[in-house]
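Undergrad: Counted the way the numbering used here counts, the sequence shown spans residues 22 to 205.
We put the beta carbon where it would ideally sit given N, CA and C, even for glycine.
Being a predicted model, the structure only gives us computed values, none of them experimental.
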Amino acid sequence: MSEQNLSKPQLRKIQAKKINEFFQREDAAEFITNLESRLYTDPDYLNSQIIGITLSMPGELDTSPIIKHSLQNDKQVVVPRTLPHRQMEFVLLEEDTHLSQTPFGTREPEGGEIIDKTDIDALIVPGLAFSKNHYRVGFGGGFYDRYLADFVGKSISLALPPQLYERPKWPVEPHDILVDKIIY
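Structure (structure tokens):
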């Protein structure tokens, strides 16, 4: 079966393997550092005061350097907390923010100040696969598609080499929300 005919669940399995293989490469760390530098010099990032970003899990692009850089550059960082019905909200990340592990294995804040989505300037949107025309395949919960449906800030995704496709190699569905920018 060609990648063009893959379902999203099939593609997710393949992508997870490709991403893990990428992390084993000798040049992975250098590529990631350069990718982060491209984000840090991007006008949408530079002009943002409040940055939304996920707390990464093993097997994903480590977001802790981006969080640290953002805080050191006087940006406020907000991180997601899941809600019923596959919804989420973003909470201000502070030094004393207590994080707990969800049944999905992700870390999210307990308590904290909820930041209205209209106040978030830029949202770093995770995913497993991205196309150069701004489609993405996430992790299968639909949380970000729902959140992005009425998000007015800039949505930015960071793509590692095995995540980037010229065009979608997966079925594009009406509820799929494009990201504004993909940095690779």
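If we count the other Cβ atoms within 10 Å of its Cβ and call it buried at 16 or more, is Gly148 buried or exposed?
TA: Buried is the call here.
Undergrad: Using DSSP with H/G/I as helix, E/B as strand and the rest coil, what is Asn41?
TA: Asn41: helix per DSSP, three-state reduction.
Undergrad: If the criterion is Cβ atoms closer than 8 Å, does the pair Ile88 and Leu60 meet it?
TA: No, they are not a contact pair.
Undergrad: Where does Lys175 land, buried or exposed, given buried means 16+ other C-beta within 10 angstroms?
TA: It counts as buried.
Undergrad: Mapping the DSSP letters down to three states, classify Ala180 as helix, strand or coil.
TA: Coil, per DSSP.
Undergrad: Going by CA-CA distance only, name the one from His196, Asn55, Arg188, Ile74 that's closest to Asn26.
TA: The residue with the shortest Cα to Cα distance from Asn26 is Arg188.
Undergrad: Answer yes or no: do Ile141 and Phe111 have a C-beta to C-beta separation smaller than 8 Å?
TA: Taking 8 Å as the Cβ cut-off, Ile141 and Phe111 qualify as a contacting pair.
Undergrad: For the alpha helix (DSSP H) that His90 lies in, which residues bound it at each end?
TA: Taken as a continuous stretch (DSSP letters only), the alpha helix (DSSP H) holding His90 covers 85 to 93.
Undergrad: Would you mind reading off the limits of the alpha helix (DSSP H) that contains Pro101?
TA: Premise fails: Pro101 lies in the beta strand (DSSP E), 97 to 104, not in any alpha helix (DSSP H).
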